[in-house]
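Worksheet: one structure, shown below.
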Amino acid sequence: MSWLPRHGRVAAWRVWLAKSLSARIVLLFLGLLLAVQAASFVAIRATIDRNARAAIGADLEVGERVLRHVLEQNARQLTEGATLLAADYGFRSAVASRDAATISSVLANHGERIGAGVAALLDTDFQLRASARTDAASLQPVLAHLSSHAGNAKHAGEVMMVDDKAFQFVLVPLRAPVLVGWVLMGFPVDQPLLDQMRSLSPLHVSLETRRNAQSPWKTTASTLPRESRKALEHQNTIAGDSSLALALPDGEYSARGVSLTLEPDGPAVSALLMRSVDEAVAPYRQLQFGLAALTLLSVMVFGLGSVLTARHVTTPLRKLAVAAERLGAGDYATPLGGQRRTDEIGDLAQSFEHMRVSVAVQQEEILKLAYWDGLTGLPNRVQFRNAVLEAIAIGKADHRSVAVIMLDLDRFKHVNDVLGYRFGDLMLKGVGERLSQQTVRNGDLVARLGGDEFAVLLADIDPASDLSHTGSLAQRLHQAFSDVMVLEDHTVDMSASFGMAVFPHHARDVDTLLNHAEVAMYGAKRRGEGPMLYDPSIDAASSQTLSLLSELRHALDHHELRLYLQPKLALESTRLVGAEALLRWQHPVRGLLPPMEFIPFAEQTGFIRMLTMWVFEEAARMWRVLNEGGVRIVVSVNLSTRDLMDVELPQKFEALLIKHIVPAEAFCLEITESAIMDDPQRALATLERLSGLGFRLSIDDFGTGYSSLAYLKRLPVDELKIDKSFVLNMAKDTDDARIVRSTIDLAHGLGLTVVAEGVENAQVWDLLRDLSCDEAQGFHMSRPIPAHEFAHWSSGWAARHSALGAKGLVNVNVTLH
Amino acid sequence: MRSHLAAFALFSAVACANAASLTVTVVDDAGKPLPDAVVMLEPTSGKLSVKPMAQVDIGQSKRQFTPRVTVVTVGTPVNFPNFDTVRHHVYSFSPIKPFELKLYAGVPNAPIVFDKPGTAVLGCNIHDKMAAWVVVVDTPHHARTAVGGQVRLDSVPAGSYRLRAWHAGVPAGKEPAAETLTVAGSDMSAQIKLPAGLL
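For the protein sequence lines, the chains are H and F, in the order given. Sequential numbering from 258 applies to the first sequence in this note's numbering. Sequential numbering from 907 applies to the second sequence in this note's numbering.
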């Protein structure tokens, strides 16, 4: 990272910190610890400093007391020694003898015995009578001092200078038995005393002397190392000051001067007590080192602890993140792990695991929905297509053939209509089983493509016999369908149309292969025979169909559609009462096309709804034109299943009525029974709303369906239209005539208007009129005529009719033909 | 210490034919009577004949010399009977009579004869606190003051005398000069002031 600019490094560090939870935890813990340690370190350091200074001060004070005590002790010892001497009979004898030499030698002897540097005998007036080691002159200042204080007990042990040396003097009376003189003993204050001090305390001691107030201090003895002692001599500071700081070669010292002499101006002796600051602070330093070590240790322990804690937290999180990524990548099979923990992370892992399981279940469900048919448990179209795709890829590589057999049940819609959907479903399941039983070859695949359409994939076929193999299997399947199927006490006679297409003969890709198989299947259905192999000749027709949709769209946009009206006439009065709106297509190439050419296709594709709308609007427009021209009729418009399923249909119609200012009563909407039966609930809802709007409703092609009377009664219909198949032959076929009669009676019984269509001759007209049928429609009166000619026809009819009356209808009919 | 001699004599009007008595009061600086002081009267010229006194005892009882001050004439033998159960070692380093009676109990074999005038300080080598004074005089006119600090010298023939007083508390060399007085047959009295410190 060194190549990064500084702010880049900082940014990278920040990013790392922001990304790493553990780093933040560790950093926080260590930061807090260091802050606490630093605070206590500062506090301890301050305390140590204070303590050390106080301790040094105390040491020095104690040192002074020790020094004084030592001196007192010495004085006492000295006094004792001197007292012993003074009490010695021999000494007293010697003194009494006044023999100076003897006295001197006794003094020397006793002085030596107790380590006195000076021993002298004074008379009662403190005049020197005899002395050992010292001459009278040297002692003179001492004697003068003593005489002035006259042996005051307070001054026992006083330190005085003799020949520039410090002595501690004691004076004891000599009695025999009355006071006859004084014994003076001087104890040298020098190195041994300092050494004694040094051994009793941690202090260094220097002895400083000066002759008078003006002369400089001189170091006469010291426990300091040689160099420091020399340095001290040069410093020449000392000694009256109670405390001072000294910087000596072997370290810093705090010092305290202790004056040993009483007189301020005379020769002075002072002890300089010195405490090494380093030594005094050393134990505290050790404490500080200990603390520092402790801090270091705790930082390490804390660091380790927080790293472990952070790991404990973040490792499972990281694992979960990895596991979640695995989930994201689509692996729902591997358990996530980490649920054994009982803490929040464990809960999180648990939640993740729940999520994984439910997502896996959902995934499976989705896959099932996506690739499997729920009803039969067979693969669906998507999976089938994938399988074909794969088979073709392998076939291409290995030069093998792939065949698709597609089949479609015949008359399945009728089964559904008659026996119900549940039964239809059972049948589809049965078909699936039957197909699966017949295709035992490994790699063959049976699928339900949708509705009553099934397909079989034959992969990896020998190219030499591909067509014959496919044909024989299709034949076998076809045979299998010839056996009746028994379902819940019903025996169903089944048949299916089979179409085949084989790669590489009929197609090079999956969609073409499937398409060609379908084309062949429709071909087989049309021909009504056994399985049909795809042939390009049948494809021409099918491509025609396929292009129909776009052509229809084109037709709608380019005004190629034409509205035709076929009149509906009242049988009793022969009056024009209505017209059925019909659709024709003025095809630019193929000429005028009848509805059969495109309506079924439009119904299949749902385009029928556009056509219905177009017809309704044209009819509304035309009604207005006719109405204004004095032609008062009800226009019938056909609705398909898909129209009924459109919940917005009533609003759309209403909008058009408003647009063209036409009342709903001007329309009769014709619906076939089967259109209602596809989804009776929804159809009924739509019908009720339409009826509510004021539309008349009519059941078209009545008699071909299976609607029950009870059901019929519930429909909000106004009219029944008898299917023309009954009407056409009623003149010759008595059965048909009976059906027509009973239908009319039935309808009238329910309070419905009855319309007969397919009236092609006067005989039927008369029959119907005799049966009290209400209205008739058919070629006998008029073929469907272009809407714009309807007004003209209407006036013609009215003219003829008023002239000829009801009887003349036959003749008119004749003329029309 | 400044020596202050203040001795004066009061002469009474009482006359006596040839001999008279002299009453002397010894006081300290503060005027307090001093007991155990020795007063002696010596003729200014010549010498009076003096006889040694009969044996004098200075006993040791309860670790004290008793009496502490004894006045004897020259040549008087002094005995040192020990009445204590412990032994004593009586000594004197005084020039008039240095002697030593080494540890003894009871009465020593021989008395000590003080044959020179002056003062001898006696001590006991065993017991430092013991001290006694033997004032050896060369005159028959001497006496030791009692508690009242007064003595009376009787039968002092008329004549010129030096009156002296001694006391143990007076440091050596601090003795006042002798007072000269004349006895003229009548009784007299005198007072001597001594700079006596504590013993």
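Just so it is clear, CB atoms sit at the ideal spot from N, CA and C, and this is done for glycine as well. Since the model is a prediction, treat every value here as computed from it, not as a measurement.
Bridge-paired residues (DSSP) for residue i
i       : result
F:Y1120 : Coverage of chain F is limited to positions 907 through 1105, which leaves residue 1120 of chain F absent and any answer about it impossible.
H:S752  : According to DSSP, which records beta bridges pairwise, H:S752 is partnered with nothing at all.
F:C1030 : F:V996
H:R467  : H:A525
H:K825  : H:G835
F:A1102 : Looking at the DSSP assignment, F:A1102 forms no beta bridge with any residue, so it has no partner.
H:C925  : H:S893, H:R953
F:Q970  : F:S967
H:W1054 : Beta-bridge pairing links H:W1054 to no other residue.
Whether residue i touches residue j by CB criterion (8 Å)
i       : j       : result
H:L364  : H:L341  : no
H:G787  : H:H726  : no
H:V565  : H:I602  : Reading the sequence as shown, one finds Leu at residue 565 of chain H and not Val. No, the pair does not count as a contact, with Cβ atoms beyond the cut-off.
F:V930  : F:R1050 : no
H:V558  : H:L291  : no
H:A353  : F:P1004 : yes
F:A1102 : F:D934  : yes
H:L724  : H:H762  : yes
H:V894  : H:A876  : yes
H:I856  : H:L896  : no
F:V962  : F:V984  : yes
H:L505  : H:L489  : yes
F:A1037 : H:P430  : no
H:T211  : H:M418  : Nothing about residue 211 of chain H can be read from this structure; chain H reaches only from 258 to 1074.
H:L204  : H:M879  : For residue 204 of chain H there is no data in the structure shown, the boundaries of chain H being 258 and 1074.
H:A716  : H:A704  : no
F:P1023 : F:V1043 : yes
F:T1045 : F:S1066 : no
H:V661  : H:G652  : no
H:P907  : H:T943  : yes
H:L913  : H:A859  : no
F:V980  : F:P958  : yes
Supposed contact pair residue j and residue i - C-beta distance, whole angstroms, cut 8 Å
i       : j       : result
H:L702  : H:L714  : 4 Å
H:V1095 : H:A567  : Only positions 258 to 1074 of chain H appear in this structure, which leaves residue 1095 of chain H out of reach.
H:D380  : H:G438  : 5 Å
H:S511  : H:L285  : Not confirmed; about 44 Å, so no contact.
H:V891  : H:R946  : Not really, about 19 Å apart at Cβ, beyond 8 Å.
H:E976  : H:V1016 : With 8 Å as the limit, H:E976 and H:V1016 do not qualify as a contact, their Cβ atoms being about 16 Å apart.
H:D604  : H:F669  : In fact, because the Cβ distance is near 54 Å, the residues do not count as touching under 8 Å.
F:V1062 : F:S951  : Actually they do not touch by this definition, with Cβ atoms about 15 Å apart.
H:R841  : H:L849  : 6 Å
H:Q620  : H:Y589  : 6 Å
H:I949  : H:D980  : The amino acid occupying residue 949 of chain H in the given sequence is Gly; Ile does not appear at that position. Actually they do not touch by this definition, with Cβ atoms about 28 Å apart.
H:Q695  : H:R733  : 6 Å
H:A332  : H:V462  : That belief does not hold up - the Cβ atoms of H:A332 and H:V462 are roughly 18 Å apart, past 8 Å.
Test: residue i CB closer than 8 Å to a CB of chain B
i      : result
F:N988 : Any reference to chain B falls outside this structure, whose protein chains are H and F.
Heavy atom of the ligand GTP within 7 Å of residue i beta-carbon
i      : result
F:P973 : No copy of the ligand GTP occurs in the structure displayed, which carries no ligand at all.
_Three or more C-beta pairs under 8 Å: does that hold for the stretch 807–825 of chain H against the stretch 1037–1050 of chain H?_
yes
*Determine which residues of the stretch 374–391 of chain H have a Cβ less than 9 Å from any Cβ of chain F, and write them out in chain order.*
T381, D382
*Check whether the stretch 509–520 of chain H touches the stretch 310–328 of chain H, counting contact only when three or more Cβ pairs, one atom from each stretch, lie closer than 8 Å.*
They touch, by the three-pair rule.
*Answer yes if the stretch 477–495 of chain H comes into contact with the stretch 534–541 of chain H, meaning at least three C-beta pairs across the two stretches below 8 Å, and no otherwise.*
no
*Taking any Cβ of chain F, which residues in the stretch 413–443 of chain H have a Cβ under 8 Å from it, in chain order?*
The stretch 413–443 of chain H vs chain F, Cβ under 8 Å: R432, A433, P434, V435, V437.
*Decide if the stretch 1049–1063 of chain F is in contact with the stretch 986–993 of chain F; the criterion is three or more beta carbon pairs, one per stretch, under 8 Å apart.*
The stretch 1049–1063 of chain F is not in contact with the stretch 986–993 of chain F.
*asked:* To be precise: take each residue of the stretch 1002–1027 of chain F, compare its Cβ to all Cβ atoms of chain H, and keep it if any distance is under 8 Å. Which residues remain?
replied: Hits within the stretch, in order: P1004, V1027.
*Taking a Cβ distance cut-off of 9 Å, strictly less, list which residues of the stretch 321–353 of chain H are near chain F, in chain order.*
A344, Y346, R349, S350, V352, A353
*Decide yes or no for the touch test of the stretch 305–313 of chain H against the stretch 575–582 of chain H: beta carbon pairs closer than 8 Å, at least 3 of them.*
no
*When you check each C-beta in the stretch 921–944 of chain F against every C-beta of chain H, which residues fall closer than 7 Å?*
none
*chain H contacts made by the stretch 1046–1080 of chain F, where a contact means CB separation under 8 Å*: A1074, P1077, A1078
*On the three-pair Cβ rule with 8 Å, is the stretch 1022–1029 of chain H touching the stretch 988–1006 of chain H?*
Yes, since at least three Cβ pairs between the stretch 1022–1029 of chain H and the stretch 988–1006 of chain H fall closer than 8 Å, the two stretches touch.
*For the stretch 947–973 of chain F, which residues have a beta carbon sitting closer than 7 Å to at least one beta carbon of chain H?*
none
*the stretch 633–650 of chain H / the stretch 749–757 of chain H touching (three or more Cβ pairs under 8 Å)*: With a cut-off of 8 Å, the stretch 749–757 of chain H and the stretch 633–650 of chain H do not count as touching, because too few Cβ pairs lie within range.
*Is it true that the stretch 662–677 of chain H meets the stretch 742–752 of chain H, where meeting means three or more beta-carbon pairs spaced less than 8 Å apart?*
yes
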